[in-house]
Every structure is written in C-alpha cells, then in structure tokens.
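Whatever position you read off the sequence shown (first residue = 1), add 28 for the numbering used here.
Even for Gly, the Cβ is constructed at its ideal location relative to N, Cα and C.
See below for the structure under consideration.
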Amino acid sequence: MTPHPDTLTTEDGRNALRMERRLAHPPKKVWAAITTPEHLAQWFPSEVTVELRPGGAIGFLFPGEAEPGMTGTVTDADEPHVFAFTWGEDHLRWEITPDGDGSLLTLVHTFGDRFGAASFASGWHVCITALAQLLDGRAPDVEGDRAGTLHEAYVERFGLAAGTVEDTADGPRIRFERQLVRPAGTVWDLLTGGGTPEAGAPAPEGFTAPVAPAGPVVEVRAPELLVYAWHSEGEVRWELGQGTGHGPRLVLTQTGPADLDTRAALDSWRQRIEHLAARLQES
C-alpha cells in the first residue's frame with residue numbers, strides 16, 4: 029500500500045498534515061459517519077463522546093481505559109460541512125465538500141511533534157480507508173499497516189529520515205530522531221544481537237557505524253539506553269523513549285571531535301537506521 033499525495037507543512041513550530049480522499053457518498057451520509065459516536069467507534073482510533081456544538085466537550089476512550097483519558101473541545105460543527113475539535117494539544121479539522129455524486133473529505137491535523145507525522149499519516153490513512161469501507165457497507169479493516177510499510181513510506185515522503193548537525197561546546201553533534209514500528213524490546217534485541225551489553229565492554233555491532241567504531245559502553249539501561257565512547261572527545265548515544273504508534277522514538281546522537289566529518293557521519297548513520305527500520309518491517 030502506498031500513501032496518497034498527502035502533505036506536511038510546518039509553521040511557527042506547528043505541523044499541519046493535510047489528507048484528501050474522495051468518498052462515493054453524499055456529504056450528509058459522510059457527516060453522520062464522522063460525527064455519530066456509534067459510527068465513529070467502527071473506524072476512529074477510539075470511542076468518542078461528543079456534544080456536537082461549538083464549545084462542546086469531546087472525550088476519547090481508548091481500549092483498556094475505564095473513562096476517557098484524553099479530552100478536547102469542539103471548535104466547529106457546521107453540518108454537513110465542517111467538524112473540528114481539539115485532541116489534547118492537537119487540532120483535527122474534517123471538511124466535507126460535494127464532489128459530483130460523492131464527497132471530498134479533507135482532514136487537516138495540526139500538531140507539534142513533527143517526528144510523529146508518519147505515525148499520524150499512516151494511522152489516518154488506515155482509519156479513512158476503514159471509514160470508506162463502512163460507508164460502502166463493508167466490514168471496516170482497522171488493522172491496516174501491520175508491517176509498517178505505509179509508515180516508512182510516509183517517513184520518506186515527509187523527509188523524516190534526515191539527520192541534523194548541531195554545534196556544541198564538545199564539537200559538532202549529529203542527531204537523528206525516528207519513530208519506529210515495533211516494541212522497544214524487539215528493537216533492542218535486533219541492536220544487541222540477543223546479547224546483554226555491559227558497562228566497560230565494547231558496544232555491540234548493532235549500535236555502531238563505520239564512522240563511529242565500537243568503544244567501551246559508558247551507560248546501558250535495557251531496553252531504553254546505550255551510550256558508548258567512540259573517541260577521546262566524543263560519544264554515541266542511543267535512546268529509545270516514548271513514541272507514537274506501536275514503537276519507541278529513537279533519538280541517536282554522535283558528538284565530537286571538532287574535526288568530525290559531519291557529511292560522512294550523516295550518511296553513515298542514516299544508512300544504519302534505514303537498515304534497522306527495514307529489519308523491523310520483517311520482524
């Protein structure tokens with residue numbers, strides 16, 4: 029499955045994901061499917077309770093929760109054209125416009141976490157596909173991107189695989205941030221080769237790259253953190269923290285020395301992370 033030509037723009041630290049889909053149903057029918065709790069429960073990521081009016085409360089009940097763990101406020105409720113609401117710190121705007129004998133559904137999701145964009149886009153792609161199936165009278169498939177293929181296509185489309193170079197007192201720092209598609213334990217097992225890294229021992233090969241050969245492990249906390257010294261003036265740090273979607277957020281940094289070939293480092297680590305991402309899709 030490949031993504032539609034969706035877009036991601038950034039302004040003043042906020043990101044806007046825009047997705048358009050044509051649905052073979054009139055606006056009134058689409059409106060009911062995106063605003064009625066019993067319909068939402070069949071394709072939306074959570075159960076929803078909503079006061080369908082501007083200023084009304086909206087709550088999101090995810091599986092395993094006894095009560096809504098996240099709430100928001102309805103900002104627009106213009107039947108059958110616009111339904112919009114806050115979702116925590118995010119904002120979702122659903123716009124329905126007539127398109128021949130059907131409708132054009134446009135979603136604009138505004139949020140702060142740029143590196144979560146591939147999770148959001150692949151998730152909404154699956155949800156809107158399930159919405160279309162529901163409208164067509166078919167059983168919605170809400171499982172969708174099981175292998176993470178769609179997620180990784182969005183990573184590439186939105187330019188989320190690129191690293192950055194930061195200037196620090198210890199020299200340049202290479203930094204990559206990447207949302208992964210499998211649990212942290214699975215990622216850790218691939219990186220360690222199933223072994224148990226220990227402080228003072230050489231870093232496992234999975235954590236290294238040609239630009240930063242294995243040095244002694246400085247700090248390790250499975251399955252969240254491994255830091256190793258690769259140079260008398262530098263270190264490599266792998267962190268697996270809380271993420272969006274089904275996996276952890278990887279933050280990888282390499283610091284120092286002052287004469288670090290940053291272009292080579294960026295290329296080397298990008299290849300290393302792409303290799304990891306490909307193996308995760310296979311696992």
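Three-state secondary structure assigned by DSSP to residue i
i	result
ARG249	strand
ARG19	The structure shown has nothing for residue 19, since the chain only spans 29 to 311.
ASP198	coil
ASP141	coil
PHE113	strand
VAL279	strand
VAL136	strand
SER131	strand
PRO55	helix
GLU310	helix
GLU123	strand
HIS274	coil
Contacts around residue i, its chain only, beta-carbon distance under 7 Å, and the 5 residues preceding and following it disregarded
i	result
THR35	ARG46
ASP118	HIS137, THR138 and PHE139
LYS57	LEU163
ARG142	THR38 and ASN43
GLY213	PRO251
THR283	THR196, ASP198, GLY199, ARG201, GLY262 and GLU263
CB-CB length for residue i against residue j, believed under 8 Å
i	j	result
THR103	ALA112	5 Å
LEU280	PHE204	5 Å
LEU188	ARG307	About 18 Å; that fails the 8 Å criterion.
VAL183	GLY275	Not really, about 12 Å apart at Cβ, beyond 8 Å.
THR272	GLY144	4 Å
Same chain, Cβ closer than 6 Å to residue i, five either side skipped, listed in chain order
i	result
VAL78	ILE86
THR114	GLY100 and THR101
LEU68	VAL76
GLY84	VAL102
ARG312	What the structure shows of the chain is the stretch from 29 to 311, and residue 312 is not part of that stretch, so it cannot be assessed.
8 Å Cβ shell around residue i - same chain, five flanking residues per side excluded
i	result
GLU247	ALA227, LEU253, LEU254 and VAL255
HIS233	According to the sequence as given, residue 233 is Glu; it is not His. Only GLY221 and ALA242 meet the Cβ criterion.
GLN299	ALA237
Near the ligand COA: residue i beta-carbon under 6 Å from a heavy atom
i	result
ASP195	As presented, the structure is devoid of all ligands, the ligand COA included, so that no description of it is given.
So does the segment 40 to 48 actually touch the segment 143 to 162, counting three or more Cβ pairs closer than 8 Å? When C-beta atoms of the segment 40 to 48 are compared with those of the segment 143 to 162, three or more pairs fall below 8 Å, so the two segments count as touching.
Does the segment 189 to 198 come close enough to the segment 227 to 241 that 3 or more CB-CB pairs lie under 8 Å? Output reads no: the segment 189 to 198 does not touch the segment 227 to 241.
Which residue spans inside the segment 62 to 96 form an unbroken beta strand (DSSP E) run of at least 3? As far as the segment 62 to 96 is concerned, its whole beta strand (DSSP E) runs of at least 3 residues are 75 to 78 and 85 to 89.
In chain order, which beta strand (DSSP E) runs of at least 3 residues are fully inside the segment 158 to 221? List check, beta strand (DSSP E) in window: 192 to 196 and 199 to 207.
With three or more beta-carbon pairs closer than 8 Å as the criterion, would you say the segment 71 to 84 touches the segment 154 to 174? Because the criterion of three Cβ pairs below 8 Å is met, the segment 71 to 84 and the segment 154 to 174 touch.
Is it a yes or a no for the segment 207 to 226 touching the segment 167 to 181, going by three-plus beta-carbon pairs under 8 Å? By the criterion of at least three beta-carbon pairs nearer than 8 Å, the segment 207 to 226 is in contact with the segment 167 to 181.
Contact between the segment 160 to 169 and the segment 135 to 142 (3+ Cβ pairs under 8 Å): No, the segment 160 to 169 does not touch the segment 135 to 142.
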